[in-house]
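Single-structure report; data block below.
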Amino acid sequence: MNAKATGRTVEVTADAEGLVSHAGAYLLTELADRLGLTAALSEAMAPTRERRSAHDPGRVLRDLAVAIADGGECVSDLGVIRGQQALFGAVCSETTAHRVIKSIDSGLLDRIRAARAKARERAWEAGARPDRITLDLDATIITAHSEKEQAAGTYKRTFGFHPLLCYLDETGEALAGLLRPGNAGSNTASDHFCVLELALEQIPEADLDREILARADSGGATHAFTADCRSADIRFSVGYAIDETVREAILELPGSAWTQAIDAEGEPREGAWVAELTEAVDLSAWPEGTRLVVRRERPHPGAQFEVFDAHGYRHTAFLTDQDDPDIAALELRHRRRARVEDQIRTGKDTGMANLPFGDFAANEAWLELSLIAQDLLCQGGSLCLDRELSLAEPKRVRQRLLHVAGRIVRSGRRATLRLPRSWPWAEVLVAAFRRLRALPAAAP
20 MNAKATGRTV EVTADAEGLV SHAGAYLLTE LADRLGLTAA LSEAMAPTRE RRSAHDPGRV
80 LRDLAVAIAD GGECVSDLGV IRGQQALFGA VCSETTAHRV IKSIDSGLLD RIRAARAKAR
140 ERAWEAGARP DRITLDLDAT IITAHSEKEQ AAGTYKRTFG FHPLLCYLDE TGEALAGLLR
200 PGNAGSNTAS DHFCVLELAL EQIPEADLDR EILARADSGG ATHAFTADCR SADIRFSVGY
260 AIDETVREAI LELPGSAWTQ AIDAEGEPRE GAWVAELTEA VDLSAWPEGT RLVVRRERPH
320 PGAQFEVFDA HGYRHTAFLT DQDDPDIAAL ELRHRRRARV EDQIRTGKDT GMANLPFGDF
380 AANEAWLELS LIAQDLLCQG GSLCLDRELS LAEPKRVRQR LLHVAGRIVR SGRRATLRLP
440 RSWPWAEVLV AAFRRLRALP AAAP
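Numbering of the sequence shown is given in our numbering, commencing with residue 20 and proceeding in unit increments.
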């Protein structure tokens with residue numbers, strides 16, 4: 020059978036001038052400058068700059084973060100924006116980028132985190148401040164396919180790292196991350212509180228007086244962590260394992276003790292109920308005011324559950340010190356913690372899936388760069404985009420906005436980036452730049 024041509028043949032040449040690829044990624048570069056992140060990173064990395072003529076290490080970190088947000092997975096991906104000097108300016112070589120990353124020790128890492136906090140404060144002042152503050156802590160596995168410092172076997176029988184992360188639920192911002200060996204424990208209280216402290220340092224001081232809720236799965240259900248939350252005046256909501264004592268208490272509950280669960284819109288959720296077990300289980304070892312809430316539901320097809328009563332319900336439980344009498348609302352707020360899994364998944368699509376260095380300290384720095392990249396995408400969405408794309412996952416934002424090509428046109432001293440008229444989202448990107456430039460510029 021003869022193959023039929025599907026279209027006309029297009030001649031390909033490499034002789035165009037003034038064209039730039041990944042033009043939309045410049046929105047993130049300008050956002051970093053506008054929020055003062057670039058200047059703060061330059062100040063943080065100033066001790067490592069050997070001479071004024073060399074590349075500014077802070078700008079190197081900014082360019083790496085933009086490249087990661089654009090889909091980069093390793094330092095060599097910096098070449099995508101290096102080849103677009105007309106738009107992105109002078110971008111350092113891979114060798115320089117490696118040298119900058121490997122110069123970052125624990126002290127410089129703290130300075131970089133402080134720079135991120137300054138930029139976040141400006142972003143919140145510009146309109147990205149959330150209505151509530153809910154901190155979601157969760158761990159994830161990052162596999163390693165070669166020998167790397169402190170990589171180890173994981174509980175999933177893989178090999179790599181087991182970082183603990185904290186995301187701000189209301190905005191999706193990646194507040195903090197603690198890189199750990201693959202064999203790190205899931206319920207290590209000191210690690211949980213360390214990440215919580217790092218996350219709190221990212222919140223503007225004026226917002227620390229607001230009510231803050233820390234959520235975690237059963238890995239955070241330790242006496243030490245909940246006591247630390249109480250000491251820091253932070254509410255907690257943590258998953259709780261259902262042991263034999265809790266099972267017996269559930270089975271003894273009368274039918275009248277169960278309240279209809281609610282869905283995200285606050286409407287009754289069919290096939291799900293909640294009840295409080297605070298008085299039925301000894302919680303004296305937990306902080307005063309701790310409550311135990313249990314949820315039961317009819318399992319959906321494929322659900323994993325343990326059947327321990329005649330009705331075959333699936334049960335989950337959590338501990339909290341929130342004093343809201345509406346346990347259905349408390350259960351809904353805790354259940355929303357599941358969104359952190361999506362945030363981690365998109366974080367892995369933004370530089371976190373692969374830690375490219377052999378040195379542990381360099382991988383710590385890379386993890387921080389990934390967090391910066393995730394923040395730029397979230398803050399760019401909040402400040403510059405309409406609702407549909409502001410909530411879109413990184414892949415869609417890259418395909419529609421960041422990876423679009425354009426042409427640089429110069430007239431006198433003025434340069435103009437001209438986007439393709441036929442590109443469906445060209446006007447969206449133009450509007451995003453317009454909104455960004457309407458924001459007050461960072462003070463020098």
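Built from N, CA and C at the ideal position, the CB exists for glycine as well.
Cβ-Cβ distances below 6 Å link residue 248 to 233, 255 in the same chain, with the five nearest sequence neighbours on each side left out; the list follows chain order. Taking 3 residues as the minimum length, the beta strand (DSSP E) runs contained wholly in the segment 317-395 are 333-339, in order along the chain. In the DSSP annotation of this structure, the continuous segment of the beta strand (DSSP E) that includes residue 155 starts and ends at 152-158.
Here the C-alpha atom of residue 442 lies approximately 19 Å from the C-alpha atom of residue 413. The beta carbon of residue 96 is closer than 7 Å to those of 86 in its chain, skipping five residues each way along the sequence.
Nearest C-alpha to residue 282 among 353, 219, 220: 353. The count of Cβ pairs closer than 8 Å, one atom from the segment 186-196 and one from the segment 388-399, reaches three, so the stretches are in contact.
Looking at the DSSP output, residue 436 sits in a beta bridge with 427.
Classified as buried, residue 110 has 16 or more neighbouring CB atoms from the shown chains inside 10 Å of its CB. Looking at the DSSP output, residue 292 shares a beta bridge with 279, 315. With fewer than 16 other Cβ atoms from the protein chains shown falling within 10 Å of its own Cβ, residue 121 counts as exposed. At least 8 Å separates the beta-carbon of residue 132 from that of residue 56. Apart from sequence neighbours up to five positions away, the residues of its chain that approach residue 175 with a beta-carbon distance below 7 Å are 160, ordered along the chain. For the pair residue 89 and residue 79, the CB atoms are not nearer than the 8 Å cut-off. DSSP lists 234, 339 as the bridge partner or partners of residue 256. Excluding sequence positions up to five before and after residue 398, its CB lies within less than 6 Å of the CB of 142, 147, all in the same chain and listed in chain order. Boundaries of the beta strand (DSSP E) harbouring residue 194: 193-197, taken from the DSSP string. The C-beta distance from residue 277 to residue 299 rounds to 13 Å, too long to meet the 8 Å contact threshold.
When Cβ pairs closer than 8 Å are counted between the two stretches, the segment 416-425 is seen to touch the segment 38-46, the count reaching three or more.
Across the structure, residue 71 and residue 359 are spaced so that their CA atoms are roughly 42 Å apart. Straight-line spacing of the CA atoms in residue 207 and residue 340 works out to 20 Å. Residue 184 has 157, 196 as its beta-bridge partners, per DSSP.
Apart from sequence neighbours up to five positions away, the residues of its chain that approach residue 237 with a beta-carbon distance below 6 Å are 258, 260, ordered along the chain. Residue 286 sits exposed, since fewer than 16 C-beta atoms from the chains shown fall within 10 Å of its C-beta. Between residue 37 and residue 426, the CB-CB gap stays under 8 Å. Taken through DSSP and simplified to helix, strand or coil, residue 38 comes out as strand. When 453, 381, 275 are compared, the shortest CA-CA separation from residue 93 is found for 381. From the listed residues 129, 167, 263, the smallest Cα separation to residue 197 is found for 129. The Cβ-Cβ distance between residue 155 and residue 356 falls below 8 Å. In this structure, residue 336 sits near residue 311, with a CB-CB distance shorter than 8 Å. When C-alpha distances from residue 284 are compared across 319, 253, 347, the shortest belongs to 347. With contacts defined by Cβ atoms closer than 8 Å, residue 136 and residue 62 do not form a contacting pair. In the three-state reduction of the DSSP assignment, residue 146 falls in the helix class, which pools H, G and I. For residue 379, the closest alpha carbon among the candidates 91, 200, 394, 52 is that of 200. Straight through space, the alpha carbons of residue 377 and residue 222 are spaced by roughly 32 Å. With fewer than 16 other CB atoms across the displayed protein chains lying within 10 angstroms of its CB, residue 124 is exposed.
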